[in-house]
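2 protein chains.
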Amino acid sequence: MNIGQASKASGVSAKMIRYYEQEGLIPPAARSLSGYRAYTEQDVQRLRFIRRARDLGFQMDGIRELLALWSDRSRHSSEVKRLALDHVERLEARMRELRSMADTLRTLADCCAGDDRPDCPILADLGQDGTPPAPPSPPRLRSPRAA
Amino acid sequence: MNIGQASKASGVSAKMIRYYEQEGLIPPAARSLSGYRAYTEQDVQRLRFIRRARDLGFQMDGIRELLALWSDRSRHSSEVKRLALDHVERLEARMRELRSMADTLRTLADCCAGDDRPDCPILADLGQDGTPPAPPSPPRLRSPRAA
DNA sequence: CTTGACCTTGCCATGATGGGAAGCCCTATC
DNA sequence: GATAGGGCTTCCCATCATGGCAAGGTCAAG
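Which chain is which? The protein sequence lines are A and B, in order.
Going by the numbering used here, the letters in the first sequence line up with residues -6 to 140, in that order.
Going by the numbering used here, the letters in the second sequence line up with residues -6 to 140, in that order.
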């Protein structure tokens, strides 16, 4: 099977197949006399594994570890599980970051009239020194003593 | 104010300040006789604006638009709001992607014993052909007519 | 004047991916 | 057998935002 067929069969672009080979994620492919890379069903299976892992948000290093465990018949499933759960934690940490951004922005947008006037708490906030939008802060009372 | 001070005051690294200048996000800084960049409070404020926007997950293009609106005194707040809400949508779309990955992985991990045996549904799933773990699909009936 | 901290520019690297060029190979069709 | 079109090869470049490093100029304090 040439690289084009392997690409279609695995869902990994030919470009990425060559890249994975270069990075050692897959062994160097066999070559035909004319230098074309030749793939077996087994190779394609490995590529599919990589694609599935990538779809789950793993990156090269994580995929490398998964592949190592995959081909290690004396592995302990606890190792795989730990890798997976660690990754779930990373994903969830990232989600929390995004949630925080989205919440902040949504709150600001809720305070924005969204009409044809220029006044906008979103820009006002971005242009401000501090970090938070506007806590309770009853805008400047008479005596700034307790500020 | 030299770039170091501006960096500290804005929370943007000197490296990034130069990069933003090169990319046109901020105007070319004034220069001292010896070629050092010189910043005013106003410049620092613009840098802080950029940093805050970046912290909210905007990238250069979005920041560029926000900056344009920021310095456009005839802007309509509706434009700003639209930008903000569009970005909230992008953030939430990304969160949904991550959620889906995490859920899939969590489900697989839940099915994994996590002991010292090698059997592991996580690896088994990654090594599989199809995308989902196991739909109903009663594998190959007698007549593939209707396939 | 020396030292050390700061600034300058320029180049390189990241991670995963795509684009494109120049050139070779294979197959089908005439 | 020649030609056309598509697939393959390698190599280089670009992304986006960021950091690192190196060589050299500048400044302030001692």
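Where is the CB? At the ideal position from N, CA and C, for every residue including glycine.
* Under 9 Å, do residue 91 of chain B and residue 62 of chain A count as touching if we go by C-beta distance? -> no
* **Residues from the segment 97 to 112 of chain B in contact with chain A, defined by Cβ distance under 9 Å** => 97, 98, 99, 101, 102, 105, 106, 107, 108, 109, 110, 111, 112
* Asked: Just curious, the alpha helix (DSSP H) that residue 20 of chain A is in, first and last residue?
  -> Going by DSSP, residue 20 of chain A is part of no alpha helix (DSSP H) at all; its letter is neither H nor E.
* Segment limits, alpha helix (DSSP H) that includes residue 42 of chain A -> Looking at the DSSP string, the run of the alpha helix (DSSP H) that includes residue 42 of chain A is 34 to 48.
* Asked: Anyone know if the C-beta pair for residue 73 of chain A and residue 113 of chain B falls short of 9 Å?
  -> yes
* Asked: Nearest chain A C-beta to residue 55 of chain B closer than 9 Å, yes or no?
  -> no
* To do: Measure from the C-beta of residue 28 of chain B to each C-beta in chain A and report whether the shortest distance is under 9 Å.
  => Not one beta carbon of chain A lies nearer than 9 Å to the beta carbon of residue 28 of chain B.
* Asked: Are the segment 16 to 24 of chain B and the segment 33 to 49 of chain B in contact at 8 Å, needing three or more beta carbon pairs?
  -> yes
* Asked: Straight-line CA distance for residue 77 of chain A to residue 105 of chain B?
  -> 10 Å
* Asked: Expressed to the nearest angstrom, what Euclidean distance is found between the alpha-carbon atoms of residue 64 of chain B and residue 87 of chain A?
  -> 32 Å
* Where residue 4 of chain A and residue 69 of chain B are concerned, what is the direct C-alpha to C-alpha distance, given to the nearest angstrom? -> 46 Å
* Excluding the 5 residues preceding and the 5 following residue 10 of chain B in the sequence, name in chain order all residues of the same chain whose CB lies nearer than 7 Å to its CB. => -4, -1, 0, 40
* Going along chain B in order, which residues have a C-beta closer than 9 Å to the C-beta of residue 35 of chain A? -> Chain B residues near residue 35 of chain A: none, gap ~11 Å exceeds 9 Å.
* Whether residue 56 of chain A touches residue 47 of chain A by CB criterion (9 Å) -> yes
* Asked: Looking at the structure shown, is residue 106 of chain A part of a helix, part of a strand, or coil, going by DSSP?
  -> coil
* To do: Would you verify that the beta carbon of residue 94 of chain A is, or is not, closer than 9 Å to some beta carbon of chain B?
  => Yes - at least one Cβ of chain B is within 9 Å of the one on residue 94 of chain A.
* Asked: Does residue 87 of chain A get closer than 9 Å to chain B when you measure Cβ to Cβ?
  -> yes
* Those residues which DSSP pairs with residue 31 of chain A across a bridge -> Answer is A:23, bridged to residue 31 of chain A.
* Report the residue from A:2, A:52, A:-6, A:49 whose alpha carbon sits nearest the alpha carbon of residue 38 of chain A. => A:2
* To do: Identify, in the order they occur along the chain, each residue of the same chain with its Cβ nearer than 8 Å to the Cβ of residue 6 of chain B, setting aside the five sequence neighbours on each side.
  => 0
* Examine chain B for any beta-carbon lying closer than 9 Å to the beta-carbon of residue 68 of chain A, and answer yes or no. => yes
* Asked: Mind checking residue 32 of chain B: buried by the 16 CB within 10 Å criterion, or exposed?
  -> Looking at its Cβ environment, which holds 16 or more other Cβ atoms inside 10 Å, residue 32 of chain B is buried.
* To do: Could you tell me how far apart the beta carbons of residue 94 of chain A and residue 50 of chain B are, in whole angstroms, since I believe they sit closer than 8 Å?
  => So it is a contact: roughly 4 Å between Cβ atoms.
* Since residue 122 of chain B meets chain A, which of its residues come closer than 7 Å, beta carbon to beta carbon? -> Neighbours of residue 122 of chain B across chain A, judged by C-beta separation under 7 Å: 41.
* To do: Could you tell me whether any Cβ in chain A is nearer than 9 Å to the Cβ of residue 5 of chain B?
  => no
* **C-alpha distance - residue 120 of chain A paired with residue 75 of chain B, whole-angstrom precision** => Looking at the two C-alpha atoms, the distance is approximately 18 Å.
* Count the other C-beta atoms from every protein chain shown that fall within 10 angstroms of the C-beta of residue 30 of chain B, then say buried if there are 16 or more, exposed otherwise. => buried
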